[in-house]
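Okay, structure first, notes after.
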Amino acid sequence: MNQILLDSSLCQIYDQILCLKPRRKAMICNYFNIVNNLFLHEQVSFKNNMNLVDTIEKMKKRVLHNNCPIYVAASFLTDQFYVLKKHWKKHTNKKDSSTGTGKSLVGIEGNQEGFESPLGGKFIIINWINKEIVYMLDLDAPAGFFIDSTHLYIANNRLNYISVIDLNTRIEIRRIDNRAFNCLHSIHYIIENQTILVTSTGIDAIIQVNLQGEILHDWYATEHEYTMTPKGEQRNVLRDFDHHHYTYPTLHQTTHVNSAIILNEDYVLATLFHQGSLVQIDQRNGKSKILLSGLNCPHGIKRFKSVKKHNIEWMLCNTKQNEILFLNDSFKITQKMFFEDVHWLQDASQIHNENIIIADANNSRIIEIDPILNTVISEFNYSTDWRIYQISDLADFQTSFIPTQPE
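65 is the number of the first residue of the sequence shown in our numbering; add one for each residue after it.
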């Protein structure tokens, strides 16, 4: 006999073991002791309710995935991070409970016409197994992005448009623009109707546009109870106005809404930076419901892909607390992952070996974490002059563009 079948009955397994030679019996017993200890460790320490067979299948998948290529895409708002750090240090009041500044790099305060100074930026693709950059674009202030086939859609955080780039030719083929675009952060592609959900952070708005930039639906926080800035000033955002030529610093915004994702045809989820909350917004009437509060500068609400196997449905970054929160479909926290040596957890993504990668922004690295054992698996270090924004496994997107050769 060469194998013991896990789907055998208990009696059959005992009979099969009894037929083995003493040395092999000892090996089998030792093997099951190890597996049982791992299983108990998962259940007790991490409240994992998988049965033993599912646990073994999970281990097997991880071993198989180790031989598969993993590509991670990342955007960097600037490749001159030292300029931003100097500006933040000069214009941040340590006694102020709010995070952010009330003045732009070029000295704009309040709501004034003008753009921030250009500080470069990067979009890269990393062969995660080898920790090699295999693709790189020099871009202007790139923020949120998604990839559709061979086209990269990426938000320009400074000049307030979405750039569409052919990844094969590396040429920008067109721009998606709108007067309501300002300080763009996340962009979420809704493949069912080919629209884009945009966080227009500068005007505290979430805007759904088609691929031509026409507004199909919008939500302005200032029209729905979020009217006061952290500085205690009333804010009124005009709809009939060209906002994308203006700069509105962080402390002159009421929410600094920075990520949004479609929940279903009626609701949108969004993270409100200033309020420290995750909210559910009813698209029919604009009313919002707080799902989580007491967060510290949250970012990046995302679906967690192992929906069928676990009770985890969502994850988000509790950025200034340096932790990831995992939520069930009722938006109750089911698990927290805290990282003591991480500083400003900008973003997180699940990669297809089922581990989590996190963007440790102030330490200039992307870290791979085993979410079950809560241990560091590997890390990728990049230039300290780069300020990271978004990270994503390329498997998240409908893409036929897979790089094969290093730059």
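Don't be surprised by glycine CBs; every beta carbon is placed ideally from N, CA and C.
None of these values were measured; they are calculated from a predicted model.
Backbone secondary structure at residue i - three-state DSSP
i      : result
Tyr253 : strand
Asn360 : coil
Tyr217 : strand
Asp230 : strand
Glu287 : helix
Cys208 : One point to set straight first is that residue 208 is Gly, not Cys, in the sequence displayed. Strand, per DSSP.
Val515 : Nothing can be reported for residue 515, as the shown portion of the chain is limited to 65 through 471.
Lys366 : strand
Lys384 : helix
Asn392 : coil
Phe145 : helix
Leu261 : strand
Asp457 : strand
Ala244 : coil
Trp378 : strand
Residue i vs residue j beta-carbon contact at 8 Å
i      : j      : result
Leu380 : Leu342 : yes
Ser139 : Pro206 : yes
Ala425 : Gln414 : no
Ile240 : Tyr225 : yes
Lys384 : Trp408 : yes
Ile365 : Leu333 : yes
His215 : Ile229 : yes
Ala423 : Ile388 : no
His338 : His320 : yes
Trp450 : Phe145 : yes
Ile211 : Leu458 : yes
Val136 : Ile455 : yes
Asp204 : Leu231 : no
Gly340 : Leu359 : yes
Ile251 : Phe209 : yes
CA-to-CA distance, residue j to residue i, given in whole angstroms
i      : j      : result
Arg348 : Phe395 : 21 Å
Glu289 : Phe245 : 21 Å
Thr439 : Ile433 : 6 Å
Ser323 : Gln298 : 23 Å
Lys353 : Asp330 : 13 Å
Thr311 : Ile436 : 43 Å
Ile271 : Asn300 : 17 Å
Trp192 : Thr318 : 38 Å
Val273 : Val262 : 8 Å
Val406 : Ile441 : 15 Å
Asp143 : Thr233 : 23 Å
Leu141 : Val147 : 12 Å
Tyr453 : Asn194 : 22 Å
Thr463 : Met91  : 45 Å
Lys351 : Asn445 : 42 Å
His307 : Asn419 : 40 Å
Ile188 : Thr448 : 15 Å
Asp393 : Gln399 : 13 Å
Asn427 : Phe403 : 12 Å
Lys186 : Ile197 : 12 Å
Thr156 : Pro133 : 42 Å
Ser227 : Arg238 : 6 Å
Opening and closing residue of the beta strand (DSSP E) in which residue i lies
i      : result
Lys186 : 186 to 191
Arg222 : No beta strand (DSSP E) contains Arg222, which DSSP labels as neither H nor E.
Trp408 : Looking at the DSSP string, Trp408 is not in any beta strand (DSSP E), and its letter there is neither H nor E.
Arg238 : 235 to 240
Val440 : 439 to 445
Asn274 : 269 to 274
Glu432 : 429 to 434
Thr398 : 397 to 402
Asp424 : 420 to 424
Any non-hydrogen atom of the ligand ZN within 7 Å of residue i CB
i      : result
Ile430 : Because no ligand of any kind appears in the structure shown, any question about the ligand ZN cannot be addressed here.
* Asked: What are the uninterrupted segments assigned as beta strand (DSSP E) that are 3 or more residues long and contained completely in the segment 276 to 349, given in chain order?
  -> 279 to 284, 321 to 326, 331 to 336, 341 to 346
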